[in-house]
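Chains A and B, in that order, give the protein sequences. Position one of the first sequence corresponds to residue 0 (numbering that gives the first Met the number 0), numbered consecutively onward. Position one of the second sequence corresponds to residue 0 (numbering that gives the first Met the number 0), numbered consecutively onward.
There are 2 protein chains.
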Amino acid sequence: MKDDTKTPPVRTHQGDFHWDGVEVLKYKQEGSAPFKDVTRQVLFGDAAFPAQLRYFAVAPGGWTTLERHEHVHAVMVIRGAGRCIIGDKSYDLKLHDLVNVPPLTWHQFHAAPEKPLGFLCMVPTERDRPQLPMQEDLVKLGQILET
Amino acid sequence: MKDDTKTPPVRTHQGDFHWDGVEVLKYKQEGSAPFKDVTRQVLFGDAAFPAQLRYFAVAPGGWTTLERHEHVHAVMVIRGAGRCIIGDKSYDLKLHDLVNVPPLTWHQFHAAPEKPLGFLCMVPTERDRPQLPMQEDLVKLGQILET
Numbered sequence: 000m001k002d003d004t005k006t007p008p009v010r011t012h013q014g015d016f017h018w019d020g021v022e023v024l025k026y027k028q029e030g031s032a033p034f035k036d037v038t039r040q041v042l043f044g045d046a047a048f049p050a051q052l053r054y055f056a057v058a059p060g061g062w063t064t065l066e067r068h069e070h071v072h073a074v075m076v077i078r079g080a081g082r083c084i085i086g087d088k089s090y091d092l093k094l095h096d097l098v099n100v101p102p103l104t105w106h107q108f109h110a111a112p113e114k115p116l117g118f119l120c121m122v123p124t125e126r127d128r129p130q131l132p133m134q135e136d137l138v139k140l141g142q143i144l145e146t
Numbered sequence: 000m001k002d003d004t005k006t007p008p009v010r011t012h013q014g015d016f017h018w019d020g021v022e023v024l025k026y027k028q029e030g031s032a033p034f035k036d037v038t039r040q041v042l043f044g045d046a047a048f049p050a051q052l053r054y055f056a057v058a059p060g061g062w063t064t065l066e067r068h069e070h071v072h073a074v075m076v077i078r079g080a081g082r083c084i085i086g087d088k089s090y091d092l093k094l095h096d097l098v099n100v101p102p103l104t105w106h107q108f109h110a111a112p113e114k115p116l117g118f119l120c121m122v123p124t125e126r127d128r129p130q131l132p133m134q135e136d137l138v139k140l141g142q143i144l145e146t
């Protein structure tokens, strides 16, 4: 995990949602779970801090992994538009909307077909690993995913 | 402290940096410390979560209290422009810049004269109270504050 003791006081936004000294990372290892056109940047990831703030960029038409976990997501959209699935509902998302993903709740973020979706996501530094849906979960969720 | 178990999954941005169900609060009690034209909104403040995400709005020409504390601030500008004092330096701030305030470091945020400054600030849920500067600290900081 990143050591933020060397993080400078101000890291400038270089434009286009890239920052001084912030690396653009793979969202997940390829093949570990289904997703499309997502990157991850850890904006604040000090191991001594109890939470992390990450920035996720979903390209137009892309989507994050459908997953759930014990830990909570606290999200703010800071770019573009799209929608999210939280539990058994789908919600439209636009700039600066807030999303609260409760524990063990299926969730997925989709960029709009012609707009990216960029969002901040605050998570606890110590957190459980995501669970992927089984076939029976997908059947239950099918109606939402098809909309 | 707020109980987020009743927080809906999506809280819509109503425009102008106000959100569904998010109250605009006083920055601090009047007279508790010097500041000018600042409000506070707790976007994510669940007592069970290890960190909080707040939004601070500083009106044009306004400024936050000059203070320091053991806990770290992780900040992103999401509106307008201004500058911040961190330790013994002053930094210009613009949209989406990141600010990291280390432990026990004097800091203050100033909006530009003709632009507001709005920023997100992530802090640990359990944190120490801010310390205000003594006369000797102000003398040391004087040169920075006058710039």
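A virtual CB, placed ideally from N, CA and C, is assigned to each residue, including glycine.
Can you check which of these residues, the options, is closest to residue i by C-alpha distance?
i	options	result
Pro7 (chain A)	B:Gly86, B:Val122, B:Gly117, B:Val138	B:Gly86
Gln51 (chain A)	A:Ala111, A:Val71, A:Pro129	A:Val71
Arg67 (chain B)	B:Ala32, B:Gly14, B:Asp36, B:Asp15	B:Ala32
Val37 (chain B)	B:Ala47, B:Tyr54, B:Phe48, B:Asp91	B:Tyr54
Val100 (chain B)	A:Tyr90, A:Phe48, A:Ala73, A:Leu137	A:Phe48
Tyr26 (chain A)	A:Cys83, A:Thr64, A:Leu131, A:Gly14	A:Thr64
Gly141 (chain A)	A:Val23, A:Trp105, A:Val57	A:Trp105
Phe34 (chain A)	A:Ala56, A:Gln13, A:Val23	A:Ala56
Ala110 (chain A)	A:Tyr90, A:Trp62, A:Met133	A:Trp62
Leu24 (chain B)	B:Arg39, B:Phe16, B:Asp15, B:Cys83	B:Arg39
Run through the DSSP bridge pairs and tell me what residue i is partnered with.
i	result
Tyr54 (chain A)	A:Gln40, A:Leu119
Met75 (chain A)	A:Leu97, A:Leu119
Tyr90 (chain A)	A:Cys83
Lys25 (chain A)	A:Thr38
Gln107 (chain B)	B:Ile84
His17 (chain B)	B:Gly14
Arg67 (chain B)	B:Gln130
Val9 (chain A)	B:Val98
Beta-carbon within less than 8 Å of residue i's beta-carbon, same chain only, minus the 5 sequence neighbours each way: which residues are those?
i	result
Lys114 (chain B)	Pro59, Gly79, Ala80, Gly81
His95 (chain B)	Met75, Val76, Ile77
Glu69 (chain B)	Pro102, Leu103, Arg126, Asp127
Leu176 (chain A)	Any answer about residue 176 (chain A) is impossible in this case: the structure gives chain A only from 0 up to 146.
Glu135 (chain A)	none
Ordered along the chain, which non-local residues of its own chain (more than five positions away) have a Cβ less than 7 Å from that of residue i?
i	result
Arg10 (chain A)	Trp18, Asp19, Gly20, Val21
Gln28 (chain A)	none
Pro112 (chain A)	Pro59, Gly60
Gln13 (chain B)	Asp19
Phe16 (chain A)	Tyr54, Ala56, Arg78, Gly117
Given that a residue counts as buried once 16 or more other Cβ atoms are within 10 Å of its Cβ, and exposed if not, what is residue i?
i	result
Arg128 (chain B)	exposed
Val138 (chain B)	exposed
Leu116 (chain A)	buried
Leu97 (chain B)	buried
Leu92 (chain A)	buried
Gln107 (chain B)	buried
Relative to the ligand NAD, is the shortest distance from any of its heavy atoms to the C-beta of residue i smaller than 7 Å?
i	result
Val21 (chain B)	With respect to small molecules bound, the structure shown includes none, and the ligand NAD cannot be examined in it.
Identify, in the order they occur along the chain, each residue of the same chain with its Cβ nearer than 6 Å to the Cβ of residue i, setting aside the five sequence neighbours on each side.
i	result
Ala73 (chain A)	Met121
With a cut-off of 8 Å, do at least 3 Cβ pairs link the stretch 40 to 55 of chain A to the stretch 118 to 128 of chain A?
yes
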